[in-house]
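Student: Mind having a look at this structure? Questions to follow.
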Amino acid sequence: MLDVRNISKRFGGVLALDDVTFSVGAAEIVGLMGANGAGKTTLFAVIAGNTRPQSGDVVWRGKSLLGLRPDQIARHGIARTFQVVRPFLGLTVMENASIAARFGARALNRTSDVNAAARDALQAVHLFDRAEDLASELTLSDQKRLEIARALATGAVLLLLDEVMAGLTPTEVREMIEIIRSLRNDRGLTLIVIEHVMRALMSLSDRIVVLHLGRRIAEGLPSIIADDPQVSHVYFGSHADA
Amino acid sequence: MSLLRDLVLILLGLAAIAIAGFFANDYWIGFGIALLAAIALTESWAILSALSGYISLGHVVFYGLGAYLVVVTWGVIWLPFALLLAAIGACGFAFAIGLPVLRVRGPYFVILTFGVAELVKYALIAIEAALGHASRLVLGAPDPIVILYILLGAATLATLLAAGVRLTNLGHGLRALREDEEAAETLGVPAAQYKLAAFVISAAIPGLVGGAMALRATYFEPNTAFDPMISFAMIAMTIIGGSDDLRGPVLGAILLTGLSEVLWDVAPHAYMLILGILLLVFVRFLPEGLSGLIRRAH
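Protein chains in written order, with my numbering: chain A, 587 to 828; chain B, 858 to 1155.
Shown next as structure tokens:
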């Protein structure tokens, strides 16, 4: 469904992504793992069109996304969330979701359709009871869920979730895992998930791709990745070897 | 819905002015002209700046260009065509400069728009000087009552445009851009096109008003037609009236035009003093303006 082919992205002298290749199938949850600076968020930015790679290609349903603007990619059915949440603080929760439904892949026009889509997205992340509150009044956990609701309301079939569990309490993490699972199980969505909460990522993902300093160093089932010596070396540091 | 209620109220108010125009004396016609021009300009300015957050400090450039176009075509083409030309010319100029100008945000956009307006003013002064004009007179300009009705049309159009933008995806998209441009774009808002559309739409009525006001003044002189105070007034009226809905700009226009009229005779210098104090009070304590004050009272 999504093919990331030999993507390289350089920021000045730093090679943020170095010849990264992987693919994602329909209704799959792929976990993206790696230490800080591994290039995970940069990869999302490349797929979503926020930044352009120097080489390589991103192919979505057989068509290249390269050179498209973020809003055009959103209309193709891909939505990303931001690691540092970026809700429209001055608007209500409902307005946040409505704007996503008016644009994105759905591009709805009729107010009743927009409201239905926004309501559905908010319910999916258990945020509908806060619909009339300003986004600025939400807790971090709620703002993270609002990020997902907005991505969902666009009508996207591929969601790129960037650390939606970072900073949450264990209870909130469990709730978030259930929400993300249901997006795939009940809605058939495809997800790429960046997460530092390892247990969450292991239990959630069908497959895990590990990045290290911009390179893809491993890919496979969570159980295999967990036992990979190279992964534990770069991820947990040299102490793991000792 | 509050937008439709505001729209109906404003249109009823304008209809009342239309009727009152038949009975008004010269003084009230003069006041009506100032008030309607202020409503038309402020409502137009808010389409771009209040919705998208791109604060234009140079909207007078459209007003001045409109004035110039009407004055140079005076006696050559039929007045309604000249006014249409003023509006289209202003839109055309906005379209031409829009893409590069709208690439910068925040304070840079504010300064850049101010600079563009000043640049056009001095360019026009140079052109006029080369053509042998320091200013141009409009001989046989229409009666003030005609100008009142032209501006009534301008205020009505501006209100309808402002309501239309707010009701469609354009308005929703602009508000998203104001909150967070990158997040909005990632959700599918075509940022560059929407900003340009808002810029062009918000230029139309100021062009028309500039043309009508040049007829009212019966002369054109770049320093007056491109007076930065006209840009400042649009911002001040929106701040005081409230920026996030349709009635805010109208309330601000009524308050400041009324205040200026009352103080003009008695204490001309007091107007600027009071305006300054009002701005301080509103920015500091009532950022939602008069409109927000009414909302809270309900």
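Note that the Cβ used here is the ideal one computed from N, Cα and C, for glycine as well.
Does the stretch 902-913 of chain B come close enough to the stretch 1050-1061 of chain B that 3 or more CB-CB pairs lie under 8 Å?
Tutor: Yes, they touch.
Student: Hey, A686 (chain A) and R731 (chain A) are a contact pair by Cβ (cut 8 Å); roughly how many whole angstroms apart?
Tutor: That pair is no contact at about 13 Å.
Student: Quick one, which residues of the stretch 1026-1049 of chain B are near chain A if we go by CB-CB under 9 Å, in chain order?
Tutor: Here the close residues are N1026, H1029, G1030, R1032, A1033, R1035, E1036, D1037, E1039, A1040, A1041, E1042, T1043, L1044, G1045, V1046, P1047, A1048, A1049.
Student: In three-state terms, what does DSSP make of T776 (chain A)?
Tutor: If DSSP states are grouped into helix, strand and coil, T776 (chain A) belongs with the strands.
Student: Only counting the same chain, and skipping five residues up and downstream in sequence, which positions put a Cβ closer than 7 Å to that of D863 (chain B)?
Tutor: Closer than 7 Å at the Cβ level, and outside the excluded window around D863 (chain B), lie D1102, L1103, R1104.
Student: Out of B:A991, B:G1064, B:G915, B:H1126, state which residue places its alpha-carbon closest to the alpha-carbon of G923 (chain B).
Tutor: Answer by Cα proximity: B:G1064.
Student: L799 (chain A) versus chain B: which residues are under 9 Å apart at the beta carbon?
Tutor: Those do not exist, as L799 (chain A) stays about 26 Å from chain B at its closest Cβ, beyond 9 Å.
Student: Apply the 10 Å Cβ neighbour rule to F1044 (chain B) and answer buried if 16 or more other Cβ atoms are within range, or exposed otherwise.
Tutor: The sequence given here places Leu at residue 1044 (chain B); Phe does not occur at that position. Flag for L1044 (chain B) reads buried.
Student: Just mark H1126 (chain B) as buried or exposed, buried being the case when its beta carbon has 16 or more other beta carbons within 10 Å.
Tutor: So H1126 (chain B) counts as exposed.
Student: Would you say F597 (chain A) reaches chain B, if we count a Cβ-Cβ gap shorter than 9 Å as a contact?
Tutor: False, the Cβ-Cβ gap to chain B never drops below 9 Å.
Student: What three-state label does DSSP hand S641 (chain A) in the structure shown?
Tutor: DSSP places S641 (chain A) in strand when its eight states are reduced to three.
Student: Assuming N771 (chain A) is part of the beta strand (DSSP E), what are its boundary residues?
Tutor: From DSSP, N771 (chain A) is part of no beta strand (DSSP E) but of the alpha helix (DSSP H) over 756-771.
Student: For A828 (chain A) and V817 (chain A), I'd like the C-alpha separation in whole angstroms.
Tutor: Its pLDDT being 37, under 50, A828 (chain A) is placed unreliably in this model, and the value from its coordinates should be taken loosely. Roughly 15 Å between the two C-alpha positions.
Student: Have a look at L1147 (chain B) and S1100 (chain B) and give me their C-alpha separation to the nearest angstrom.
Tutor: Cα to Cα, the separation comes out at about 9 Å.
Student: Which first and last residues belong to the beta strand (DSSP E) in which R793 (chain A) is found?
Tutor: That run of the beta strand (DSSP E) goes 793-798.
Student: Measure the alpha-carbon distance for S859 (chain B) versus I1131 (chain B) and round it to whole angstroms.
Tutor: If I take the Cα positions, the gap works out to 31 Å.
Student: Please classify L629 (chain A): is it buried, with 16 or more other beta-carbons within 10 angstroms of its beta-carbon, or exposed?
Tutor: That one is buried.
Student: At a CB-CB cut-off below 7 Å, which residues of chain B make contact with P656 (chain A)?
Tutor: Those are E1042, T1043, listed as they occur along chain B.
Student: Anyone know if the C-beta pair for A1082 (chain B) and L898 (chain B) falls short of 9 Å?
Tutor: No, these two residues do not count as a Cβ contact at 9 Å.
Student: Can you give me, in chain order, the residues of the stretch 700-727 of chain A that have a beta carbon less than 7 Å from any beta carbon in chain B?
Tutor: Listed by position along the chain: nothing, the set is empty.
Student: Quick test of your reading: F919 (chain B) and G1067 (chain B), contact by CB under 8 Å. State the CB separation rounded to the nearest angstrom.
Tutor: About 7 Å separates the two Cβ atoms, so the contact holds.
Student: Enumerated in chain order, which unbroken segments of the alpha helix (DSSP H) with a length of 4 residues or greater are wholly contained in the stretch 971-1030 of chain B?
Tutor: Counting only runs of 4 or more, we get 1001-1024.
Student: Between the stretch 708-722 of chain A and the stretch 673-690 of chain A, are three or more C-beta pairs nearer than 8 Å?
Tutor: The stretch 708-722 of chain A vs the stretch 673-690 of chain A: in contact.
Student: Measure how close the beta-carbons of L1113 (chain B) and M1086 (chain B) come, nearest whole angstrom, since I'm counting them as under 8 Å.
Tutor: Not quite, the Cβ-Cβ distance comes to about 12 Å (not below 8 Å), so this is no contact.
Student: Got a sec? Which residues, its chain only, sit under 7 Å from L1014 (chain B) by beta carbon, not counting five neighbours each side?
Tutor: If we look at L1014 (chain B) and ignore the five residues flanking it on each side, its Cβ neighbours are I1062.
Student: So within the stretch 624-681 of chain A, which uninterrupted beta strand (DSSP E) runs reach at least 3 residues, ignoring any that extend past its ends?
Tutor: Segments of the beta strand (DSSP E) lying fully in the stretch 624-681 of chain A: 641-646, 664-666.
Student: Please return the same chain residues whose Cβ sits closer than 7 Å to the Cβ of A634 (chain A), not counting the five positions on each side in sequence.
Tutor: Here the set comprises P656, I659, I664, R666, L746.
Student: Using the three-state DSSP reduction, which class does A612 (chain A) fall into: helix, strand or coil?
Tutor: Reduced to three states, the DSSP call for A612 (chain A) is coil.
Student: Look at the alpha carbon of G946 (chain B) and the alpha carbon of L926 (chain B), and state the distance between them as a whole number of angstroms.
Tutor: Using only the alpha carbons, I get a separation of about 8 Å.
Student: With 16 other CB atoms within 10 Å as the buried threshold, where does H798 (chain A) fall?
Tutor: H798 (chain A) is buried by the Cβ-count criterion.
Student: Between R793 (chain A) and chain B, is there a C-beta pair that is closer than 9 Å?
Tutor: Chain B contact via Cβ: absent.
Student: My guess is that A703 (chain A) and R692 (chain A) are in contact by the Cβ rule of under 8 Å, so how many angstroms apart are they, rounded?
Tutor: Going by Cβ atoms, the distance from A703 (chain A) to R692 (chain A) rounds to 6 Å, so yes, they are a contact pair.
Student: Under the rule that 16 or more other beta-carbon atoms within 10 Å means buried, what is S768 (chain A), buried or exposed?
Tutor: S768 (chain A) should be labelled exposed.
Student: Quick one: which chain B residues come within Cβ less than 8 Å of I685 (chain A)?
Tutor: Those within 8 Å of I685 (chain A) in chain B are H1029, G1030, R1032, A1033, A1041, L1044, V1046.
Student: Below 7 Å on C-beta distance, what does A634 (chain A) contact in chain C?
Tutor: Note that chain C does not occur in the displayed structure, where the protein chains are A and B.
Student: Rounding to the nearest angstrom, what Cα-Cα distance links D728 (chain A) and I876 (chain B) in this structure?
Tutor: Distance between the alpha carbons of D728 (chain A) and I876 (chain B): 53 Å.
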